[in-house]
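J.:
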Amino acid sequence: YTYYTFQLFACSADELEFCSAYSIYSDRTAPSPVVGTLTLTVIKQPEGSSHIVLTFTEPVLVNGAVVAYNIELKSIAQTVSVERRECITRLQHEQAGGRYVFGNLTAGEYMVRARVISLAGPAPFSDWYFAEVVWREPLKEDNSVRNGLITFGVLLGLSVVLIGLYAAYHRFKTHHDDKAPLVEDDGNALVDEDGFVDCALR
Numbered sequence: 002y003t004y005y006t007f008q009l010f011a012c013s014a015d016e017l018e019f020c021s022a023y024s025i026y027s028d029r030t031a032p033s034p035v036v037g038t039l040t041l042t043v044i045k046q047p048e049g050s051s052h053i054v055l056t057f058t059e060p061v062l063v064n065g066a067v068v069a070y071n072i073e074l075k076s077i078a079q080t081v082s083v084e085r086r087e088c089i090t091r092l093q094h095e096q097a098g099g100r101y102v103f104g105n106l107t108a109g110e111y112m113v114r115a116r117v118i119s120l121a122g123p124a125p126f127s128d129w130y131f132a133e134v135v136w137r138e139p140l141k142e143d144n145s146v147r148n149g150l151i152t153f154g155v156l157l158g159l160s161v162v163l164i165g166l167y168a169a170y171h172r173f174k175t176h177h178d179d180k181a182p183l184v185e186d187d188g189n190a191l192v193d194e195d196g197f198v199d200c201a202l203r
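Mapping of the sequence shown onto our numbering: residues 2 to 203, in sequence order.
#1: Would Arg114 pass as a contact of Glu73 if the rule is Cβ separation under 8 Å?
#2: Rounded to whole angstroms, what is the Cα-Cα separation between Ser145 and Leu156?
#3: Specify the secondary structure class of Leu166 as computed by DSSP and reduced to three states.
#4: Using only the alpha-carbon positions, how far apart do Leu41 and Ser13 sit?
#5: What residue does the alpha helix (DSSP H) around Glu95 start on, and which one ends it?
#6: Can you tell me where the beta strand (DSSP E) holding Ala69 begins and where it ends?
#7: Whose C-beta lies closer than 8 Å to the C-beta of Tyr5 among residues of the same chain, with five residues either side of it excluded?
#8: I'd like to know whether the C-beta atoms of Val68 and Ile118 end up nearer to each other than 8 Å.
#9: Any idea what DSSP makes of Ser82, helix, strand or coil?
#10: Could you tell me the distance, in whole angstroms, from the CA atom of Val162 to the CA atom of Ala168?
#11: Count the other CB atoms within 10 Å of the CB of His94; is the residue buried (16 or more) or exposed (fewer)?
#12: Tell me where the beta strand (DSSP E) around Gly109 begins and ends.
#13: Mind checking whether Ile53 and Phe131 have CB atoms under 8 Å apart?
#14: Count the other C-beta atoms from every protein chain shown that fall within 10 angstroms of the C-beta of Tyr70, then say buried if there are 16 or more, exposed otherwise.
#15: How about Leu213 and Asn64: are their beta carbons less than 8 Å apart?
#16: Just to confirm before moving on: does the CB-CB distance between Tyr111 and Ile77 stay below 8 Å?
#17: One question on the structure: do Phe7 and Ser21 come within less than 8 Å of each other, judged by their Cβ atoms?
#18: If we count the other Cβ atoms within 10 Å of its Cβ and call it buried at 16 or more, is Ala66 buried or exposed?
Listed below in structure tokens is the structure:
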């Protein structure tokens with residue numbers, strides 16, 4: 002698939018140095034039915050990543066110069082369908098080192114494919130390639146030691162408070178007891194003939 006330009010002159014066989022003015026004719030050959038499709042490589046990402054990373058190189062058999070790439074992604078076996086279609090230029094692909102990244106994906110299984118866009122138009126898509134975003138269970142924090150220390154601190158604090166209250170109550174009872182008996186004898190003393198208790202006051 003090439004564009005050609007022809008310059009046509011009319012010249013005399015005897016006078017080759019003297020020719021007519023030229024006319025221009027341009028035409029392009031038909032696109033080749035044999036073109037190279039892209040071969041993708043899916044780079045496995047660690048668990049917990051939300052990205053799918055692809056790499057591919059520019060094919061050798063193309064119809065004219067490569068100008069861009071189409072890249073498609075679709076989810077499979079997921080509740081919510083996800084489809085993305087991206088277009089990047091040849092320069093962007095080259096600057097990225099032949100890599101392309103689909104980001105912000107939820108955990109699940111996906112299929113990806115790509116194709117070349119040349120001066121002759123889009124080439125056929127590559128095969129679908131499987132890619133997966135793996136969910137990683139969050140690490141469970143072991144709080145047993147911390148909870149034990151908190152419980153011990155609470156119990157220790159309560160013990161100190163109770164001991165303090167008991168000590169204060171005991172001190173109060175010892176130094177503020179105003180209930181000493183006013184008589185030497187209580188109701189066991191003899192009652193006199195007038196009906197009063199016979200006892201001596203302090």
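Glycine included, every Cβ here is placed at the ideal spot set by N, Cα and C.
T.: Let's see:
#1: yes
#2: 16 Å
#3: helix
#4: 58 Å
#5: Arg91 to Gln96
#6: Val67 to Ile77
#7: Ser27, Asp28, Arg29 and Thr30
#8: yes
#9: coil
#10: 10 Å
#11: buried
#12: Gly109 to Ser119
#13: no
#14: buried
#15: Outside the displayed range of the chain (2 to 203) lies residue 213, so it cannot be described from this structure.
#16: yes
#17: no
#18: exposed
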